[in-house]
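Worksheet: the structure to be examined is printed underneath.
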Amino acid sequence: MVPGRASPSPGRVGFVGLGIMGSRMAANLARAGHELTVFNRTRATADAWTAEHGGTVAASPAEVGAASDVVISMVVDGDQVREVLLGEQGVAQGAERGVLCVDMSTIAPAQTRAIGAQLHERGLALLDAPVTGSSPKAQDG
């Protein structure tokens, strides 16, 4: 829940990383009725995803941050998490204070703590929610 909201609805949802796992996770959110703002480093992948599921393609993670109350990231490794959340065009560059970043990537705990501390300095929160499994499990929800 976003601070200050009366309902448990996450509000505006952003998703960064539409790979094998992320595309299926984001599709489940879309099927649940959320209209997503999405970013993928390969624009054609994001365009194809929104053609099938709806939503809006952002030109950068910063645009996802600006359009979202909650941003979910599902990328390959800690370096990518740092880049999409804190980089020059990262979520933190566009997000308002109070945005919740949910990282579902599997990265080292020390990286998560460091990224979380930097987000906190900018008034953003980080929820570490790494996943294991495969694309069928992600698709099944």
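Note that this note's numbering numbers the sequence shown so that position 123 is 114, with each residue one more than the last. The C-beta atom is built at its ideal place from N, Cα and C for all residues, glycine as well. Keep in mind the model is a prediction, meaning the values are calculated, not measured.
Determine which residues share a DSSP beta bridge with residue i and list them.
i	result
Ala116	Leu91
Gly5	Thr28, Val62
Who are the near neighbours of residue i in its chain, counting only those whose CB is closer than 7 Å to its CB and skipping five residues on each side?
i	result
Leu9	Ala17, Val29, Asn31, Thr36, Ala37, Trp40
Gly69	Ile98, Ala99, Gln102
Ser14	Trp40
Gly81	Pro52, Ala53, Glu74, Val75
Gly46	Ala21, Glu26, Leu27, Thr28, Val29
Which two residues bound the contiguous beta strand (DSSP E) that contains residue i?
i	result
Thr28	27 to 30
Looking at the structure shown, is residue i part of a helix, part of a strand, or coil, going by DSSP?
i	result
Val62	strand
Thr123	coil
Val82	helix
Thr47	strand
Ile106	helix
Ala99	coil
Thr41	helix
Thr33	coil
What does the Cβ neighbour count give for residue i, buried or exposed, with the cut at 16 atoms within 10 Å?
i	result
Leu118	exposed
Val67	exposed
Ile106	buried
Ala21	buried
Val122	exposed
Ala108	exposed
Could you confirm whether any beta carbon from chain E is found closer than 9 Å to the beta carbon of residue i?
i	result
Asn19	Reference to chain E is not applicable here, since this structure consists of a single protein chain.
Output the boundary residues of the alpha helix (DSSP H) element that contains residue i.
i	result
Ser14	11 to 22
Asp70	69 to 77
Which same chain residues end up closer than 6 Å to residue i when comparing Cβ atoms and leaving out the 5 residues on each side of it in sequence?
i	result
Val93	Ile63, Leu118, Ala120
Arg88	Gly114
Ala57	Gly85
In chain order, what residues of the same chain have a beta carbon less than 8 Å from the beta carbon of residue i, not counting five sequence neighbours either side?
i	result
Glu54	Thr28, Phe30, Gly85
Leu110	Leu76, Leu77, Ala83, Cys92, Ala116, Leu117
Taking 8 Å as the line, does the beta carbon of residue i fall inside it for any heavy atom of the ligand ZN?
i	result
Gly114	No copy of the ligand ZN occurs in the structure displayed, which carries no ligand at all.
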